[in-house]
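The sequence shown lines up with residues 68 to 594 when you count with our numbering.
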Amino acid sequence: MKILVYDIIIKNGIIIDGAGNDWIKGDIAIKDGIIAKIGNLFYERADENIDASKKIVCPGFVDIHSHSDYTALIYPTSDSKVMQGVTTEVVGNCGYSLAPLTKENIDVFKEANIEEGFLINLLSWDWLTLDQYYAKVMEIGTSVNYVPLVGHNTIRIAVMGFEKREPSDTELRKMVNMLENEMRSGYFGISTGLEYPPGSFSKTDELVELSKIASKYGGIYASHIRDEGPRVEEAVMEAIEIGKRANIPVEISHIKVVGRENWYKADVLLNLIHRARNIGIEVNADAYPYTALQTTPTILLPSWVMEGGIDMALQRLKNKKLVDKIKKEMTLNVDEESSEIAIMEYGGKTIKDLSNEWNMNVFETYLKLLLENKGKVRMIHHSMNEESVEKFITSPLISIGSDGMGTTPNYGPIGKFQHPREYGTFPRIISRFWREKNILSLPEAIRKMTGLPASKLRLKKRGLIKEDFYADIVIFDPEKILDTATFTDPVKFPVGINYVIVNGKIVVKNGIHTGLKPGIVIKRLNK
68 MKILVYDIII
78 KNGIIIDGAG
88 NDWIKGDIAI
98 KDGIIAKIGN
108 LFYERADENI
118 DASKKIVCPG
128 FVDIHSHSDY
138 TALIYPTSDS
148 KVMQGVTTEV
158 VGNCGYSLAP
168 LTKENIDVFK
178 EANIEEGFLI
188 NLLSWDWLTL
198 DQYYAKVMEI
208 GTSVNYVPLV
218 GHNTIRIAVM
228 GFEKREPSDT
238 ELRKMVNMLE
248 NEMRSGYFGI
258 STGLEYPPGS
268 FSKTDELVEL
278 SKIASKYGGI
288 YASHIRDEGP
298 RVEEAVMEAI
308 EIGKRANIPV
318 EISHIKVVGR
328 ENWYKADVLL
338 NLIHRARNIG
348 IEVNADAYPY
358 TALQTTPTIL
368 LPSWVMEGGI
378 DMALQRLKNK
388 KLVDKIKKEM
398 TLNVDEESSE
408 IAIMEYGGKT
418 IKDLSNEWNM
428 NVFETYLKLL
438 LENKGKVRMI
448 HHSMNEESVE
458 KFITSPLISI
468 GSDGMGTTPN
478 YGPIGKFQHP
488 REYGTFPRII
498 SRFWREKNIL
508 SLPEAIRKMT
518 GLPASKLRLK
528 KRGLIKEDFY
538 ADIVIFDPEK
548 ILDTATFTDP
558 VKFPVGINYV
568 IVNGKIVVKN
578 GIHTGLKPGI
588 VIKRLNK
């Protein structure tokens with residue numbers, strides 16, 4: 068009789084299944100990328116045995132809000148994510164996916180990607196559809212799985228460029244057709260970035276019509292909502308309205324309340340979500356465990372300034388007659404916040420630091436930053452408080468997303484100054500919210516990073532430690548796991564993560580990336 072030899076057996080682990088259940092002690096056998104057996108496997112054989120004594124064995128982390136589609140061809144080993152235990156990333160967020168494109172508007176799309184501008188010139192731009200782009204990703208391989216969304220901003224640019232108006236009936240039909248083609252190919256829904264142009268130019272009705280198409284194919288509506296500060300309640304209510312009218316599950320991206328005067332609104336937003344769920348609207352959200360956001364400083368400008376794209380915006384910023392009007396209508400008082408806004412391309416110096424250095428007032432410094440860099444600068448804004456972040460992180464409805472990109476520590480085009488979330492989000496949930504503060508149980512912390520996001524996305528056979536599920540697995544030391552990335556030293560791997568397994572292949576072994584790239588592009592049509 069032929070004896071079955073497994074590929075891997077993980078022995079003596081403390082298994083947390085990702086569904087929120089208490090831990091059990093046991094062994095896990097992996098064969099052909101699948102969890103083949105769970106239990107006491109003392110007498111079973113494998114090509115490789117991993118001793119997980121005193122270690123947690125749980126599903127690989129699912130980063131429900133990522134932008135690693137922009138770096139998939141540049142950093143295919145996605146070290147910053149994999150070394151955190153991330154095995155699956157949801158990409159195409161905040162309204163920007165890397166397709167669908169049209170030949171006529173590729174340059175407009177490239178110009179629109181202000182925050183990712185430092186990466187744009189490294190890509191070949193020889194694709195028009197998501198299938199074509201992800202075929203290129205799979206040619207070189209990936210260490211993580213990708214779950215792509217279709218970006219509303221991307222579609223709008225392809226059809227309308229940067230025009231600040233409602234689409235005509237013909238244009239809306241073109242947008243609908245582009246989205247339907249991508250959804251028919253198996254992608255997971257539509258994302259919006261309603262604080263960014265041209266998404267900020269859209270009306271609710273446009274978003275409803277597109278969301279109906281995503282809903283038709285079982286997709287979700289993932290929204291970077293229209294405002295995260297003074298009008299955040301209205302923005303959440305708009306997302307809920309879209310969910311109701313389009314009959315589509317809603318995921319509010321990186322939910323937060325920005326600005327001291329708005330911090331009390333965390334409870335208000337959670338109540339809005341619960342009320343919507345109580346009447347049958349499926350609304351969820353995700354968050355990251357930091358009190359600072361990262362974005363482009365152009366987000367502070369009135370939306371009309373960005374009409375026509377960044378080049379036209381820069382011309383307006385040079386117009387002295389318009390500058391006073393712009394300052395009055397900005398979404399944030401730069402003078403008051405200057406010491407809280409760090410510019411990444413200037414070594415993390417704040418606008419106030421640069422203002423003193425350049426002997427200019429704060430607003431002049433802000434204008435100089437945009438004009439001299441053609442708008443292509445990134446900022447980290449310390450604009451949230453710990454209490455509101457904790458309220459979001461501990462809500463049972465909220466899963467964890469990094470809002471970051473997969474990178475490597477060699478700096479390269481992204482540079483030394485990044486947000487620590489790129490390297491630390493998922494270990495931070497465990498070390499800070501479970502071990503240090505004890506405001507989440509360990510099974511609940513893990514559920515938020517595994518089973519919960521997988522269920523929101525309707526991912527088949529992922530997100531749980533369960534027989535016949537794909538073998539995406541993390542093994543970590545519960546006493547040692549720790550995020551080490553900080554705002555002053557952000558490019559640092561966490562400690563305490565021993566193994567990461569993606570589709571049954573060991574990608575991290577004894578805390579070191581093996582270089583393997585067993586990841587896939589997941590589609591709804593995949594078995």
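Note that beta-carbon positions come from the ideal geometry of N, C-alpha and C, so glycine has one too.
So, at 6 Å on beta carbons, what are the nonlocal neighbours of residue i in its own chain, with the 5 sequence-adjacent residues on each side left out?
{"i": "Leu-165", "result": "Asp-136, Tyr-200"}
{"i": "Ala-313", "result": "Val-275, Ser-278, Lys-279, Ser-282"}
{"i": "Ser-252", "result": "Asp-198"}
{"i": "Leu-519", "result": "Ser-466"}
{"i": "Ile-340", "result": "Val-350"}
{"i": "Asp-294", "result": "Ala-302"}
{"i": "Met-451", "result": "Lys-323, Thr-358"}
{"i": "Val-317", "result": "Tyr-288, Ala-306, Gly-310, Val-350"}
{"i": "Val-204", "result": "Ala-139"}
{"i": "Arg-112", "result": "Val-72"}
Compute the Euclidean distance between the alpha carbons of residue i and residue j, then round it to the nearest angstrom.
{"i": "Ile-366", "j": "Tyr-566", "result": "39 Å"}
{"i": "Glu-115", "j": "Leu-526", "result": "28 Å"}
{"i": "Met-373", "j": "Tyr-433", "result": "16 Å"}
{"i": "Ile-76", "j": "Lys-270", "result": "53 Å"}
{"i": "Val-129", "j": "Gly-473", "result": "13 Å"}
{"i": "Asn-640", "j": "Phe-484", "result": "The structure shown does not extend to residue 640, since the chain spans only 68 to 594, so no value can be given for it."}
{"i": "Ile-292", "j": "Tyr-73", "result": "47 Å"}
{"i": "Asn-386", "j": "Met-379", "result": "11 Å"}
{"i": "Asp-535", "j": "Lys-528", "result": "7 Å"}
{"i": "Asp-146", "j": "His-580", "result": "7 Å"}
{"i": "Phe-109", "j": "Asp-118", "result": "12 Å"}
{"i": "Asp-174", "j": "Ile-224", "result": "10 Å"}
{"i": "Pro-369", "j": "Ile-393", "result": "7 Å"}
{"i": "Pro-462", "j": "Glu-453", "result": "The sequence as given places Ser at residue 462; Pro does not occur at that position. Answer to the nearest angstrom: the Cα atoms are 14 Å apart."}
{"i": "Pro-264", "j": "Trp-371", "result": "9 Å"}
{"i": "Met-250", "j": "Ile-81", "result": "39 Å"}
{"i": "Glu-273", "j": "Val-226", "result": "13 Å"}
{"i": "Val-456", "j": "Pro-494", "result": "16 Å"}
Excluding the 5 residues flanking residue i on each side, which residues of the same chain have their C-beta closer than 7 Å to its C-beta?
{"i": "Arg-344", "result": "Val-350"}
{"i": "Ala-538", "result": "Ile-97, Gly-100, Ile-101, Ile-102, Ile-568, Asn-570, Gly-571"}
{"i": "Tyr-163", "result": "Asn-180, Gly-218, Asn-220, Thr-221, Gly-260"}
{"i": "Lys-559", "result": "Tyr-490, Thr-551, Ala-552"}
{"i": "Gly-159", "result": "Asp-136, Pro-215, Leu-216, Val-217, Gly-218, Ser-258"}
{"i": "Glu-247", "result": "Ile-280"}
{"i": "Ile-187", "result": "Lys-177, Asn-180"}
So, are the CB atoms of residue i and residue j less than 8 Å apart?
{"i": "Gly-57", "j": "Glu-156", "result": "The structure shown has nothing for residue 57, since the chain only spans 68 to 594."}
{"i": "Ile-564", "j": "Gly-152", "result": "yes"}
{"i": "Ile-287", "j": "Lys-523", "result": "yes"}
{"i": "Gly-85", "j": "Gly-578", "result": "no"}
{"i": "Gly-296", "j": "Val-335", "result": "no"}
{"i": "Ile-83", "j": "Ile-141", "result": "no"}
{"i": "Phe-255", "j": "Leu-216", "result": "yes"}
{"i": "Leu-437", "j": "Pro-364", "result": "yes"}
{"i": "Arg-499", "j": "Ser-469", "result": "no"}
{"i": "Lys-419", "j": "Val-429", "result": "yes"}
{"i": "Asn-88", "j": "Thr-154", "result": "no"}
{"i": "Ile-131", "j": "Asp-353", "result": "yes"}
{"i": "His-486", "j": "Pro-557", "result": "yes"}
{"i": "Leu-168", "j": "Leu-195", "result": "yes"}
{"i": "Arg-445", "j": "Met-411", "result": "yes"}
Short of 8 Å in beta carbon distance, which residues of its chain neighbour residue i, apart from the five on each side in sequence? Order them along the chain.
{"i": "Ile-496", "result": "Pro-356, Ile-460, Ile-467, Leu-507, Ala-512, Lys-515, Met-516"}
Could you give the DSSP three-state label for residue i: helix, strand or coil?
{"i": "Gly-563", "result": "coil"}
{"i": "Glu-114", "result": "The sequence given here has Asp at residue 114, not Glu. Correct three-state label for Asp-114: strand."}
{"i": "Met-516", "result": "helix"}
{"i": "Pro-369", "result": "coil"}
{"i": "His-132", "result": "coil"}
{"i": "Lys-78", "result": "strand"}
{"i": "Thr-432", "result": "helix"}
{"i": "Gly-310", "result": "helix"}
{"i": "Ile-377", "result": "helix"}
{"i": "Asp-353", "result": "strand"}
{"i": "Glu-489", "result": "helix"}
{"i": "Thr-237", "result": "helix"}
Counting pairs of beta carbons, one from the stretch 91-110 and one from the stretch 542-561, are three or more of them closer than 8 Å? no
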